[in-house]
Structure formats: C-alpha cells, structure tokens
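The following block contains the structure:
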C-alpha cells in the first residue's frame, strides 16, 4: 500500500549510492545474494531469540534489496537478476515467521497462519505477473521492475514494518501474526478480483 510512496523518498539516495557501487565494480546480483545472506542471518538470530541482532540484520537486508534494484537500473536489468530478487525475497519473508517460531514454539500456530497468508499474497502476485507478461501488460507504478508488480493492502513496506514490530515486541507476535495475516488475505482477495477484471477477456 505504501511502496509506491516510499519509493519517491528512497530512490534518489539509493541511486547515488548505487552509482558509487557501480564504479567499484559491484553487480546487482552480488548485492541481491549478500542481502539474502543478511536475511538468513536475521532468521538465525530469531531462532535464538536475539531480537536486536535480528532487527539490525533485517534493516541490512532491506537496504541491500533497494540497492540491487538501483544497480540493475544503472547497469541494465537481467532476467536472472529479477528471478533472484523475487525468489530470495519470498524465502526471506516466509523465513522470518518460521524461525521466530523455532525460537518461540508456543507461537507456532500463529506463525503457520502468517506463512500460509504469505503463500496467498505471493501466489496471487506471481500468477498475475506471469499472465501480465504473456499479455504484454506492464507497469512502472513501483519503479521499473523485472515483472509486473500488482499492489495491495500488504506489500513490502507493510511486511517489513510488522517484522520490525515483532523484533521490538516479540511477546506480541501472536497479535501481529493474526492481524497482519488477515490483512494479507484481504490483499489476496483484491488481487484475485483484479485478475478477474483484467483477464476476463481472452487474448
């Protein structure tokens, strides 16, 4: 919901930093994989209930996620880069609730519900992108991307905000998981409705 607005604030500083990184010879794919390593380390920290460390690593993951896109725009996007970006992001998103529950097994049910909710948002997002690509439909509402980005109530910014809250207030995880998971299902429903409207006419 807030991703498009957030991009207007962060694109310029990210582009400046990406220019420096490009001069140093760094590729977007290296930054993507490095960001995922930060995310994996955050998941490990959550498994050991090290919430402050997890919060710092999540922040580094998100900075890298912004930088890889800025680098790709500067150096030229690739299909592999787009694939790695979306795949590793979805693994990170689902890993956070799973590994939180590893550290706090009493919250396993809520964590399972949140992961299930991410399956709904992720599948409705990727399926729309696949059909949009087949039809040649494009959008740059959230910047130039490798695939079609269909918006919704719960996008990247909202997801990360919940992860931050979970790290700050881990004892409230159940509330965050059930409420945000419910919002994810609203997003899935609106995306399915958008797909029905957009794809009802056969091309």
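Numbering (our numbering), first residue to last: 3 to 205.
The beta-carbon is built from N, C-alpha and C at its ideal position, and this holds for glycine as well.
It should be emphasised that the depicted structure is a prediction, and the values quoted were computed from it without experimental measurement.
I believe residue 34 touches residue 86 by the beta-carbon criterion, under 8 Å. Please report the beta-carbon distance rounded to the nearest angstrom. Looking up residue 34 in the chain shown gives position 32. Looking up residue 86 in the chain shown gives position 84. With 8 Å as the limit, residue 34 and residue 86 qualify as a contact, their Cβ atoms being about 5 Å apart.
Give the range of the alpha helix (DSSP H) segment to which residue 99 is assigned. Start at 1 with the first residue of the chain shown, and residue 99 comes out as number 97. Looking at the DSSP string, the run of the alpha helix (DSSP H) that includes residue 99 is 81-105.
Return the residue from the list 130, 100, 111 and 65 that minimises the CA-CA distance to residue 36. Taking the first residue of the chain shown as 1, we reach residue 36 at position 34. Of 130, 100, 111 and 65, the residue nearest in Cα terms is 65.
Quick one: residues in its chain with C-beta nearer than 7 Å to the C-beta of residue 112, no 5 flanking neighbours on either side, listed in chain order? Here residue 112 refers to the residue found at position 110 of the chain shown. Excluding sequence neighbours, residue 112 sits near 175, 176, 179 and 180.
Identify every run of the alpha helix (DSSP H) within the region 28-81, keeping only runs that are complete inside it and at least 4 residues long; order them along the chain. Whole alpha helix (DSSP H) segments, 4+ residues: 30-49 and 53-77.
Counted within 10 angstroms of its Cβ, other Cβ atoms place residue 154 as buried (16 or more) or exposed: Along the chain shown, one-based indexing puts residue 154 at 152. Residue burial annotation: residue 154 is buried, with at least 16 other C-beta atoms found within 10 angstroms of its C-beta.
If we count the other Cβ atoms within 10 Å of its Cβ and call it buried at 16 or more, is residue 193 buried or exposed? Numbered from 1 along the chain shown, position 191 holds the residue referred to as residue 193. When all chains shown are included, residue 193 counts as buried.
Helix, strand or coil: which one does DSSP assign to residue 211? Residue 211 is absent from the model: the chain starts at 3 and stops at 205.
Do residue 183 and residue 93 have their C-beta atoms within less than 9 Å of each other? Position 181 of the chain shown holds residue 183. Position 91 of the chain shown holds residue 93. Going by C-beta atoms, residue 183 is not nearer than 9 Å to residue 93.
Please state if the CB of residue 59 and the CB of residue 47 are separated by a distance shorter than 9 Å. If you number the chain shown from 1, residue 47 lands on position 45. If you number the chain shown from 1, residue 59 lands on position 57. When the beta-carbon positions are compared, residue 47 and residue 59 come within less than 9 Å of each other.
By how many angstroms is the C-alpha of residue 67 removed from the C-alpha of residue 172? Along the chain shown, read from residue 1 onward, the residue named residue 172 stands at position 170. Along the chain shown, read from residue 1 onward, the residue named residue 67 stands at position 65. Separation of residue 172 and residue 67 (C-alpha to C-alpha, rounded to the nearest whole angstrom) is 24 Å.
Just to confirm before moving on: does the CB-CB distance between residue 169 and residue 106 stay below 9 Å? Here residue 169 corresponds to residue number 167 of the chain shown, with the count starting at 1. Here residue 106 corresponds to residue number 104 of the chain shown, with the count starting at 1. Contact check for residue 169 against residue 106 fails: the beta carbons are separated by 9 Å or more.
In terms of alpha-carbon separation, which member of 56, 197, 31 and 26 lies closest to residue 40? By 1-based counting over the chain shown, the position of residue 40 is 38. Ranking the options by Cα distance to residue 40, first place goes to 56.
Which whole-angstrom value describes the C-beta separation of residue 17 and residue 72, a residue pair presumed to lie in contact below a C-beta threshold of 8 Å? Within the chain shown, residue 17 is the residue found at index 15, counting from 1. Within the chain shown, residue 72 is the residue found at index 70, counting from 1. Correct: roughly 5 Å between the Cβ atoms.
Just how far apart, CA to CA, sit residue 139 and residue 53? Position 137 of the chain shown, counted from the start, is the residue given in the question as residue 139. Position 51 of the chain shown, counted from the start, is the residue given in the question as residue 53. Counting only the Cα atoms, residue 53 lies some 41 Å from residue 139.
Taking the straight line between their C-alpha atoms, what separation do you get for residue 20 and residue 77? Taking the first residue of the chain shown as position 1, residue 20 is located at position 18. Taking the first residue of the chain shown as position 1, residue 77 is located at position 75. Taking the straight line from one Cα to the other gives about 10 Å.
Quick one: grab the DSSP three-state call for residue 155. Residue numbering aside, residue 155 sits at position 153 when the chain shown is read from its first letter. Looking at residue 155 - three-state DSSP - the assignment turns out to be coil, as it is neither helix nor strand.
Using a Cβ-Cβ cut-off of 8 Å (strictly less than) and excluding sequence neighbours within five positions of residue 166, which residues of its own chain qualify? Indexing the chain shown from 1 puts residue 166 at position 164. Taking residue 166 as the centre and dropping the five residues before and after it, the same chain places the C-beta of 57 and 60 closer than 8 Å to its C-beta, in chain order.
Beta-carbon gap between residue 30 and residue 99 smaller than 9 Å: Within the chain shown, numbered from 1, the residue matching residue 30 stands at position 28. Within the chain shown, numbered from 1, the residue matching residue 99 stands at position 97. Going by beta carbons, residue 30 and residue 99 fall outside the 9 Å limit.
Could you tell me which of 157, 15, 190 and 195 sits nearest to residue 126, measuring between CA atoms? Counting from one through the chain shown, the residue named residue 126 turns up at place 124. In terms of Cα proximity to residue 126, the closest of 157, 15, 190 and 195 is 190.
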